[in-house]
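Take a look at the structure set out below.
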Amino acid sequence: MKFLKTAALAAATLALSVTTSFADNFKLAVTDVEGLERLQLEWGPFKGALESATGHTFEFFPVTSRTAAAEALRAKRVDFVVTGPAEYIVINKLTEATPLIGLGRPDYFCAIVVRADSGIVRPAELEGQKVAFGDIGSTSNMLCPMQLMADYGIDPAKDVDRLHTSRNIAHEALKKGDVAAIGTNHNSWISVRNKDDSVPNGFFRIIARSGDLPNDMLMAAAHVDPETAEAVRQAILDNKESIISGILAHEENDKYSGMDLVAIEDGAYDIVRSMYTTAGFPQYDNFIGE
């Protein structure tokens, strides 16, 4: 009997040691969130869900910029990064980090918006006009609208008087007629428009829309063992509900409402590489605006 108990204890100990031997402690960064306090507040529930799903532990690694995230990846000081499509293109070029899981955002596309009374109905009519875009380097607020204009025959680097400003300021400028159009993330602008009761919604007209943009993502550093990265990806896909709930737990992540988690590959981001070329940055080896 004593032998059986000893054998059972040894087996349990072995099983535990095998299980824990596969558990790692990884560093996790989010490129558009500065400071550890904000990371814990906005992405803490996601981190907890990720740990439960994978059996690994994740420690937040705050970064002050996209460049800092790339440097940390290259120095092997961070293992996984949550980032957007435009950021990924440069980070991949500089560090060979690869996309792991897509954070699928519904209705994630850009648009070109004008006043309905402007008489402008085609992007070509914006030639020589002042057009406001969002944050420099943003996928949906700069690169995508510029590509959209190019698709309609307008060179956004030469044919329009381009400026960059915040979404709210751009909206007000368009409303007052200070700019002829804005290039913007569609859903974000709709949110601003719907809160503005000074004019009816029909005061504006969308003259062009892009297709859906590639997803934001969780990327894996080049130094992460491929088998481990694949196991993390599968664990996330197998536990979608809890992972999504973790992401949506804080209102700062409302842009992901209705999201799905999907397996993705690098080729899906070639369209963003084309956007960099259109914007005049064909090497995509540095972050626009930094």
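FYI, the numbering for the sequence shown is -23 to -1, 1 to 267, going by mature numbering (1 follows the signal peptide of the UniProt record, and there is no 0).
Glycine included, each C-beta is placed from N, C-alpha and C at the ideal position.
Alpha carbons only, please: which of the options is nearest the one belonging to residue i?
i, options, result
"P83", "E48, I265, G12 and V239", "V239"
"S168", "K232, M236, E267 and Y65", "K232"
"L103", "A245, M126 and A256", "M126"
"W20", "E73, D237, A93 and G223", "G223"
"T31", "D138, G61, D94 and I220", "I220"
"L140", "A199, G154 and G111", "G111"
"A47", "M196, I113 and K107", "M196"
"I213", "F23, V10, L18 and D9", "F23"
"I248", "D9, L27 and P62", "P62"
"I241", "T161, R144 and I78", "I78"
"M119", "A134, Y129 and G130", "A134"
"V256", "P203, S115, R210 and A74", "Contrary to the premise, residue 256 reads as Ala rather than Val in this sequence. The residue with the shortest Cα to Cα distance from A256 is S115."
"V91", "P203, R210 and K153", "K153"
"Q106", "S117, I131 and E207", "I131"
"N230", "L18, D243 and F3", "L18"
"D243", "I113, M236, K70 and T161", "K70"
"F264", "H227, G81, A199 and I113", "I113"
"N162", "H227, D193, S117 and G81", "S117"
Quick one: Cα of residue i to Cα of residue j, how far?
i, j, result
"Q124", "L16", "32 Å"
"S175", "Y261", "41 Å"
"P259", "V67", "11 Å"
"K53", "T34", "17 Å"
"R250", "E64", "11 Å"
"P177", "G96", "17 Å"
"F180", "P122", "21 Å"
"N171", "D94", "19 Å"
"R51", "E36", "18 Å"
"Y253", "G12", "29 Å"
"V10", "D215", "27 Å"
"N145", "R182", "17 Å"
"K4", "D138", "43 Å"
"A208", "D136", "48 Å"
"A74", "R210", "14 Å"
"L(-20)", "L27", "Note that L(-20) scores 44 on pLDDT, short of 50, meaning its location in the model is unreliable and no value can be drawn from it."
"M194", "T72", "16 Å"
"A203", "L80", "For clarity, residue 203 is Pro in the given sequence; the question names Ala instead. Taking the straight line from one Cα to the other gives about 20 Å."
Give me, in chain order, the residues of the same chain whose beta-carbon lies closer than 7 Å to that of residue i; leave out the 5 immediate sequence neighbours on both sides.
i, result
"A49", "A6, F38, V40 and V55"
"E267", "S42, R43 and T44"
"L225", "Y233 and S234"
"K217", "L238"
"V201", "D56"
"V98", "I184"
"G25", "G223"
From the DSSP output, which residues share a beta bridge with residue i?
i, result
"C87", "N162"
"G244", "BP columns for G244 are empty, so no partner."
"D1", "In DSSP, D1 forms no bridge with anything."
"H141", "F110"
"D237", "G81"
"V58", "A6 and M196"
"I265", "The partner list for I265 (beta bridge, DSSP) is empty, contrary to what the question assumes."
"T34", "N2"
"A185", "I89"
"T75", "A197"
Enumerate in chain order the residues of its own chain whose CB-to-CB distance from residue i is below 8 Å, with the five nearest sequence positions on each side excluded.
i, result
"A150", "A109, T142, V156 and I159"
"H148", "I159, W166, V169, R170 and D173"
"T205", "D1"
"Y129", "R99, P100, A101 and A185"
So, for residue i: in the same chain, excluding its five sequence neighbours on each side, which residues have a beta-carbon less than 6 Å away from its beta-carbon?
i, result
"N164", "D84"
"D1", "H33"
"V58", "A6, A46 and M196"
"A245", "P191"
"T8", "R43, A46, T60 and E64"
"H227", "E19"
"S(-3)", "Annotation note: pLDDT 40 at S(-3) (below 50); position unreliable, coordinate value reported separately. Contacts found: none."
Answer yes or no: does any C-beta atom of chain D fall closer than 7 Å to that of residue i?
i, result
"I183", "Annotation note: the requested chain D is absent from the structure, which comprises a single protein chain."
Cβ pair count under 8 Å reaching 3, the segment 185 to 200 against the segment 76 to 94
The answer is yes - the segment 76 to 94 touches the segment 185 to 200, with three or more Cβ pairs under 8 Å.
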